[in-house]
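First comes the structure, then the notes that go with it.
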Amino acid sequence: MLAILRDLLRYNLEFRIGLVLVSIVVVMAGLSFVSPYPPGDVYVVPPDVPPSAAYWLGTTSRGQDVFWQLTFAIRNTLSFGIMVAVLSRIIALVVGLLAGYSGGWVDRVLMSINDTFIIIPLFPILILFYFVLRDSMSTPLLATIMACLGWAYDARLIRSVALSLKTREFTQTSIFSGMKTREILAREHLPYVLPIVFSTTMNNMNWSIGIEVTLAVLGFTDINAPTIGGMIYWANQHTALVAGIWWWIAFPVALVVMTFVGLFLLAVSMNEYIDPRSRLARMGGGG
Amino acid sequence: MSAYPAYLAKRLVQFALVVFIGVNLAFVITHASPIDPVEQSISAVTSFGSTAPEAIAAMRTSLQELYGLTGTLGEQYLTFWSRVLRGDFGPSLSAFPTPVSALIGRALPWTAGLLIVSTMITWVLGNLLGGLAGYYQRNRMLKLMGVVAMGVHPIPYYIVALLLLIVFGFLWPVLPITGGSAMNLQQGWNWPFVSSVLLHSILPALSLILIGLGSWFLGMRSLVSNVVTEDYVVYAEIAGLDSRRVLGSYVMRNALAPQVTGLAMSLGGIFNGAVITEKVFGYPGVGTLLVDAVYAGDYGLVLGVTTVSIIAVSVGVLVIDLLYPLIDPRVELR
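Listed in order, the protein sequences are those of chains A and B. Numbered per the working numbering, the first sequence finishes at 294, counting up by one with no gaps. Numbered per the working numbering, the second sequence finishes at 348, counting up by one with no gaps.
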């Protein structure tokens, strides 16, 4: 694992840029633990101050320091993304490995359901969820719902790997040595699909954070928990752009764009590392 | 085309499954609600005053039927399905007594027009540029385009729409930033109205195109750079075929098939972008309708838009799937 990281660092520019961007974002999230202000408090600093030495990124119309507010927001947004990614990875792994290994009707049924989830438009469904739950819609609940809706595409990727693993000799050996299906999947096949799981994790985080921001901007999440989308929501509520308080929107937007680009570059560079053909091309072997 | 009937049957089953699961999901979600939608809806209407008692009673029955609250759970389920299949979602509360189906019918052409046109542009442009970038890998311009695509691609719709709004609404105000057309025009096939619709669609369409372009570009580029190394391409090149001919009829043609599947699969996600884009630019489509319905607490309208969008997306996927064998003859074998 360490050797892979060293290789990526040395040969892959995208990985380096991605790592720098994500590190900045993570440090920012870490700073929330030493914030001088509690995240929920308003009017703790003078409102509407532009960026200055005292308030690095300015203050909001609600009297919050943008910098410290941003640390909480990005922490919540990141942990939301991780929550969704971990939960949906578990579903994707179980479905993908099982469908690929079992084949036959199990595969057909699972993949029919899988394709359905790929096609169904999620956004209206999420809005419907918010609509019926409203006040009881909390961040963990939203994360669970999104995980249940967002595993399908990655399950297909995992299945395609599992299909090829199934025909390999070591699978036959394990079957003859009397291992149960569950053991074969967990001990023999899982290590082979883990690289894919890692790279899809980044993409899934991007996907979930994107939808969370979008929902929050419309006010369709728990807007009292500070998140990036929540900050933009409150800025819009106070018509920050019209009033010229541009820093209230610009900095959250800049930070979330950094998160997106960073995670995306990490996913892309890992994908390239996994796919031997593009690795060959990079080293000058092919095309 | 001997295997086509089997293929057709498989796709139709898939289509039915999507609609079935989607509508069931809507049923389950609405029944999981801790709030009583009927009483809440009624109090929303009566708070404006001046509604006749008979009208309220009629509404209560209609709403109870709509949300599937009369009879046993099995009966509720059947009532719900029969109303969905008839496209009857009852009266809208925020625009009482206009039926929900009429509101959706009015908004649907706007969304469909915007989405179909911008998706087509995005898909064609992204695949063309991506194909070129995969084939001419040494070209500086195309390399730069790849870097830009990587940077823009992961940014969420809302942020791009917002940036466009700031640039063309505040910094350099040249384009209309809100609405579907100018207010004072007669709707119909007359030039002032059509041109106004086109002008108003530029920014929303641009935001959708900018976001979608990157993934098609990157996808096509990697597909093409894989096809380029295939034996038949190398052979065609050694045989001295014109490079444009090789790219057009050998490389692009074979790399395009997965992108058509991708188009079908991306349709579901397109609605996410449409909802937020329409809201940001005040475009009078289904997305704006949905968001406003949530703000207004309009239960029937939210349910109606959700169900219609599920059905619309599945129809789109079905159409693309049915056209697919015409593009790629190999698909019949599966």
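Backbone N, C-alpha and C define an ideal beta-carbon position, used for all residues, glycine too.
Query	Result
Alpha helix (DSSP H) segment containing LYS24/B, residue limits	18-46
Cβ-based burial, GLU292/B [other Cβ within 10 Å; buried from 16]	buried
ALA72/B versus VAL329/B - alpha carbon distance	34 Å
Where VAL249/A falls, given that 16 or more other Cβ within 10 Å makes a residue buried	exposed
Pair within 7 Å by beta-carbon distance, ALA92/A and ALA162/A	no
Distance CB(PHE22/A)-CB(SER276/A) smaller than 7 Å	yes
Own chain partners of ALA310/B with C-beta closer than 6 Å, once the 5 adjacent residues on each side are dropped	SER108
Three-state secondary structure assigned by DSSP to PRO128/A	coil
Start-end ranges of the alpha helix (DSSP H) lying completely within the stretch 204-269 of chain A, minimum 4 residues	235-244, 247-250
Among ILE89/A, MET144/A, PRO233/A, VAL200/A, the one whose alpha carbon lies nearest that of SER215/A	ILE89/A
Meets three-Cβ-pair contact criterion under 8 Å: the stretch 254-272 of chain A and the stretch 161-172 of chain B	yes
Min CB distance PRO170/B to chain A below 7 Å	yes
ILE191/B to LEU178/B span [Cα, whole Å]	9 Å
Alpha-carbon to alpha-carbon, VAL268/A and ILE169/B	7 Å
Beta carbon proximity, LEU31/B to chain A, threshold 7 Å	yes
Validate contact between the stretch 76-88 of chain A and the stretch 192-206 of chain A using beta carbons, cut 8 Å, 3 pairs	no
Three-state class that DSSP yields for THR192/B in the structure shown	coil
ARG96/A burial status per 10 Å Cβ neighbour count (16 or more: buried)	buried
Cβ separation of GLY70/A and VAL52/A, assumed to be a contact under 8 Å, to the nearest whole Å	6 Å
Contact under 7 Å by Cβ, PRO128/A with VAL327/B	yes
Alpha-carbon to alpha-carbon, TYR44/A and ARG189/A	49 Å
DSSP bridge partner residues for ASP72/A (one or two, in chain order)	THR66/A
Chain B within 7 Å of SER181/A, Cβ atoms only	no
is_contact[GLY101/B, chain A] using C-beta, thresh 7 Å	no
Chain B contact for LEU39/A (CB, 7 Å cutoff)	Checking the sequence shown, residue 39/A turns out to be Ser, not Leu. It does not; no Cβ of chain B falls within 7 Å.
Alpha-carbon spacing of ILE120/A relative to GLY107/A, whole angstroms	14 Å
Straight-line gap, ILE191/A to PHE138/A (C-alpha atoms, nearest Å)	43 Å
Distance between beta carbons of ALA269/B and ILE238/B, contact taken as under 8 Å	For the sequence presented, residue 238/B should be read as Val rather than Ile. That belief holds up - the Cβ atoms of VAL238/B and ALA269/B are roughly 5 Å apart, short of 8 Å.
Test item: CB-CB of ALA40/B and THR243/B under 7 Å	no
Below-7 Å beta-carbon distance, ASN83/A vs any chain B residue	no
The stretch 220-228 of chain B contacting the stretch 171-187 of chain B, beta-carbon criterion three pairs below 8 Å	yes
Below-7 Å beta-carbon distance, GLY292/A vs any chain B residue	With a pLDDT of 42 at GLY292/A, under the threshold of 50, the predicted position of this residue should be treated as unreliable, though the coordinate-derived value follows. Cβ-Cβ to chain B under 7 Å: no for GLY292/A.
Rounded straight-line distance, which links the Cα of ILE256/A to that of THR228/A	18 Å
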